[in-house]
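Chains as they are written, first to last, in the working numbering: chain A, 67 to 414; chain B, 67 to 414.
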């Protein structure tokens, strides 16, 4: 690595921009801790243009452009007509940041972007859960072969340390079980239906408030939760599974009556993610479950999420993320950058 | 450091023995990761004798002795009539483990044991919260001056990563607030009183079940919670306070009627620890508070505990320890050992 660390950012939506702002704010602190300056040498978007400048893009200017015009001005000297894949393959960077939108049934083209970086012996950070849910083992192996780092903290629970928690603070522990509430759309929908609102009404309101995607089926049918469950199991238990291997049931059959019946039993219904390993066999499932209304899981409401991690040496530890905003995801990406800078021998 | 890491263990009660068992089990894994063998060169107890052997004590034999006779056999060749302080000052070790019983109003003699180690440029690990609650800043400074490591993960929430969580996974974040339920005795007593049992009945039952100390006043009056609050603030916010600086109210005035009144308002009463920093001013308090019966805090029952940590960059993250046993505390001590081995340049 040179004294300036060069990073390429693929995908520059809300997360990418919030990360860029945080990076700009923390530039001095990074320099004082690691004695390096971090230059963004490439930024790609799908429809707003791309920027490439191996001397370092003026990030503040780029962010202002997007705010003012909603695209990069083609007259900028660093404007370039180039694809994300070409950036991954050809631009001179030290760390690739894969922040493109999720393709939930393939993990592509994010997987190929990351492979391109690792094959070039460049470090990679993914905020895209597709690669972790669909191809973790091959990416992990490729990173190891090339002796580079590959981090992905934000892929489950945004910036809340989950993978870092296990790697950095639960050393020597073997993870035997994970359990959690990881999809906030379904959590929101179940709570609103419990108030007596119709399914359609809830979806409309959720879209307005930004909790529900334009096409809510990936959440409602449990695919997003299944992808996160696969990611957790792949990383924490070397499960080598895909979302298709997760025994998945969404909340589409849960209605007001079922919620009230559960309530009469002192329970609430939550979409629970579970993964376990026993006798060498992996169990992975996502399904609506009744949990006691006084339980920890029942207390996880709205956009708050939780994962409980059981290990051989430390019993069960749970970590909760409270009502995250985009800044928390940006921090997660930033924390992966900091982890690369901390663990790369050349910056120490 | 030599290729063999020598450790001295002051205090060999339940935690010390569980740590010794874990160390014995993990010896090979430590060797394969760090290429060092960990030798216990001294073990002290207050009333069961001490062992010193600079070639390494036979731990399994020592544990068996205690199980069989409840003291170390004076005819052992490594038996020595020596005080914990003399061990700290004179035995040749690399890391001191301070596991002696807590003296809640002074932190002594644990503080002096640790100072003796740090002054000799030896690393120190404390499972004793006294030093962290009463003298953290001076110990931290002394460790820094002598360029040695000082860890204390178990002093709040046993082996659950709290200090490690902030240090290792929330880098660049500034802690602005902590809040938690950290004393399981009061948590248990409040729940039992809510069932209509008398205070005396609950205390007797708690003693039988091992949740309540012989003298329960340190818990009931909030001193244990205040010590943990001081420890959290000293480490995470550089507060430099003592338990006397914590605005403290115990649960001695909480009775069945008050709990039922709270219940009528949809609330439960919990002994809540709080610390915050605003405009340069530290607030630290422990007091019984009403929390909504559906809240995360309300779901923390029995010996389970929680701390919520708010930072500038990552919002609020909570970590929960579920019904810990002595093995979790032993893991916390072990994780501090692993942290010394990981961070000491000579073992890398």
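Beta carbons: idealized from backbone N, C-alpha and C, even for Gly. Being a predicted model, the structure only gives us computed values, none of them experimental.
- The shortest CA-to-CA distance from residue 306 (chain B) to any of B:347, B:386 and B:323 is the one to B:347.
- In the DSSP annotation of this structure, the continuous segment of the alpha helix (DSSP H) that includes residue 197 (chain A) starts and ends at 195-211.
- By the 16-neighbour rule on beta-carbons within 10 angstroms, residue 389 (chain A) is exposed.
- Residue state for residue 83 (chain A) is assigned as helix, using DSSP reduced to three classes.
- For residue 381 (chain A), there is no enclosing alpha helix (DSSP H); the enclosing beta strand (DSSP E) covers residues 381-387.
- Here residue 126 (chain B) carries a helix assignment [DSSP, helix/strand/coil].
- Residue 394 (chain A) has a beta carbon lying within less than 8 Å of a beta carbon in chain B.
- A Cβ-Cβ contact shorter than 8 Å links residue 247 (chain A) with residue 371 (chain A).
- Around residue 382 (chain B), the same chain offers 374 and 376 as residues with beta carbons nearer than 6 Å, after the five sequence neighbours per side are excluded.
- Here the alpha carbon of residue 361 (chain B) sits roughly 22 Å from the alpha carbon of residue 228 (chain A).
- In this structure residue 325 (chain B) does not touch residue 252 (chain B) by the C-beta definition: roughly 13 Å separates them, more than the 8 Å allowed.
- In chain order, 115, 116, 117, 138 and 139 place their CB closer than 8 Å to the CB of residue 145 (chain B), counting only its own chain and leaving out the 5 sequence neighbours on each side.
- When DSSP states are grouped into helix, strand and coil, residue 405 (chain A) belongs to the helix group.
- Those residues of the region 378-405 of chain B placed with their C-beta closer than 9 Å to a C-beta in chain A are 379, 380, 381, 382, 383, 384, 385, 386, 387, 388, 389, 390, 391, 393, 394, 396, 397, 398, 400, 401, 404 and 405, ordered along the chain.
- Bounds of the alpha helix (DSSP H) holding residue 286 (chain A) are 283-286.
- Using a Cβ-Cβ cut-off of 8 Å, residue 92 (chain A) is close to 238 of chain B, given in chain order.
- Chain B has no Cβ within less than 8 Å of the Cβ of residue 173 (chain A).
- Residue 350 (chain A) and residue 242 (chain A) have their C-alpha atoms spaced approximately 12 Å apart.
- Residue nearest to residue 76 (chain B) within the set B:141, B:102 and B:175 is B:175 (criterion: CA-CA distance).
- For a Cβ distance threshold of 9 Å, residue set 365 of chain B lies close to residue 361 (chain A), ordered along the chain.
- Taking 8 Å as the cut-off, the Cβ atoms of residue 369 (chain A) and residue 283 (chain A) do not count as close.
- The count of Cβ pairs closer than 8 Å, one atom from the region 289-309 of chain A and one from the region 194-204 of chain A, reaches three, so the stretches are in contact.
- Remark: C-beta atoms of residue 78 (chain B) and residue 126 (chain B) do not approach each other more closely than 8 Å.
- Within the region 203-230 of chain A, contact with chain B at the beta-carbon level (separation under 8 Å) is assigned to 225, 226, 227 and 230.
- Collapsing the DSSP output to three states places residue 280 (chain A) in coil.
- When rounded, the separation of the alpha-carbon atoms in residue 208 (chain A) and residue 191 (chain A) is 14 Å.
- Within the DSSP secondary-structure output, residue 349 (chain A) pairs in a beta bridge with A:342.
- Among the CB atoms of chain B, none fall inside 8 Å of the CB of residue 355 (chain A).
- Distance check between residue 330 (chain B) and each of B:352, B:337, B:359 and B:310 places B:359 closest, using alpha-carbon atoms only.
- Listed along the chain, the chain B residues whose CB falls inside 7 Å of the CB of residue 329 (chain A) amount to none; the nearest CB is some 12 Å away.
- Residue range 103-110 is occupied by the beta strand (DSSP E) that includes residue 105 (chain A).
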